[in-house]
Structure formats: structure tokens, C-alpha cells
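The opening residue of the sequence shown carries number 1 in full-length UniProt numbering; numbering runs sequentially from there.
The beta carbon of each residue, even a glycine, is placed where N, CA and C say it ideally should be.
Notes to accompany the following structure.
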Amino acid sequence: MEDTSAIHYESSERRNAVRVEPLGCTLQFSNDGNKFQCVDISVNGVALSLTNDPPTPLPKNGALTAFIVDQDGIVIGKVVARKIYQQNERSGWAFIQAEERVLTFVEELVLETQKAVLRQASSERKKHEEEAILGIIEIDEPTT
Numbered sequence: 001m002e003d004t005s006a007i008h009y010e011s012s013e014r015r016n017a018v019r020v021e022p023l024g025c026t027l028q029f030s031n032d033g034n035k036f037q038c039v040d041i042s043v044n045g046v047a048l049s050l051t052n053d054p055p056t057p058l059p060k061n062g063a064l065t066a067f068i069v070d071q072d073g074i075v076i077g078k079v080v081a082r083k084i085y086q087q088n089e090r091s092g093w094a095f096i097q098a099e100e101r102v103l104t105f106v107e108e109l110v111l112e113t114q115k116a117v118l119r120q121a122s123s124e125r126k127k128h129e130e131e132a133i134l135g136i137i138e139i140d141e142p143t144t
């Protein structure tokens with residue numbers, strides 16, 4: 001059997017619409033001494049948690065802000081983002097400029113998260129099918 005750990009998947013397509021929650025790591029976006037936890041992220045932008053105590057005042061929608069991005073305390077790089085919205089416990093930011101290493105990191109994070117979710121869904125589906133074959137559970141019949 002071929003060793004799949006040596007396979008590296010690359011795609012020229014940007015995953016514009018896919019937003020993922022960072023699993024197994026902590027992503028922070030920092031500026032002026034303020035740190036914001038990443039709620040979800042895509043290649044186009046990020047949603048940040050506003051649960052700082054006391055709450056940090058943010059600029060108006062449309063304003064540009066520079067952030068330093070770090071994963072588990074290790075700096076990845078810098079981004080400039082435009083504030084899109086603010087809700088009770090989160091704010092949305094669109095990336096305007098970013099260092100290449102940040103873009104590469106985000107693209108890999110999105111891809112790896114997608115693959116992990118697909119593997120988990122496949123595993124659950126196979127488990128369900130095996131249980132149905134063994135008569136442990138009944139298969140839901142599709143309704144027409």
C-alpha cells in the first residue's frame with residue numbers, strides 16, 4: 001500500500017465561500033495590545049470574538065485595521081482588514097492585504113479542516129451502513 005503521508009494536495013482554486021472554525025489550535029488577531037480570538041476564518045476574511053473584558057472599542061464599519069496573526073502564540077504574519085460588521089459577541093473583517101505566509105496558512109487551514117470534516121462524515125456514514133448491514137439498526141428509507 002502506498003504511503004499517503006507523502007501526498008500533498010494543492011489547488012489553484014481559492015476557497016472563497018468556505019469558512020471554517022479553527023480546530024485543535026487557537027488563532028488570535030492582535031492590534032494595539034488588544035487580542036481577539038478567531039471564531040471562523042476563510043481566505044477572504046475572519047470573524048473575531050468580542051468577549052474581551054472590558055470590551056475593546058472597535059472602529060466603525062468600513063475602517064481599516066492592521067492585525068498580527070498568531071497560532072498558539074507563534075506569530076504567522078500581518079494582515080490589514082476592513083471591518084464589515086459588528087454583532088453582540090463578534091465582528092467580521094475582510095482581508096484587504098496580507099503577507100503571503102498568512103494567506104498560505106489560511107488556505108492550508110481551510111483545506112485541512114475540510115478534509116478532516118469529510119473524513120469524519122465518511123467514517124460516520126460507513127459506520128451507519130455497517131450497522132445496517134449487520135442488523136444493528138434499520139436504514140431510514142427515503143421518502144418520496
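Residue 123 - containing alpha helix (DSSP H), residue span: In the sequence shown, the residue the question calls residue 123 occupies position 123. Note, residue 123: alpha helix (DSSP H), 100-133.
Report the CB separation of residue 77 from residue 99 in whole angstroms; it is logged as a contact under 8 Å. Locating residue 77 in the sequence shown gives position 77, counting from the first residue. Locating residue 99 in the sequence shown gives position 99, counting from the first residue. Right, the Cβ-Cβ distance comes to about 4 Å (below 8 Å), so this counts as a contact.
Can you name the start and end residues of the beta strand (DSSP E) that residue 26 belongs to? In the sequence shown, residue 26 corresponds to position 26, counting from 1. Going by DSSP, residue 26 is part of no beta strand (DSSP E) at all; its letter is neither H nor E.
Starting from residue 37, trace the beta strand (DSSP E) both ways and give me its first and last residue. The residue you call residue 37 lines up with position 37 of the sequence shown. Residue 37 -> beta strand (DSSP E) spans 34-41.
Touch check for the segment 18-29 and the segment 54-63: three-plus C-beta pairs under 8 Å? In short, these stretches do not touch, since the Cβ pair count stays below three.
Stretch-stretch touch, CB-based, cutoff 8 Å, three pairs: the segment 41-50 with the segment 78-93: Under the Cβ criterion (8 Å, minimum of three pairs), the segment 41-50 counts as touching the segment 78-93.
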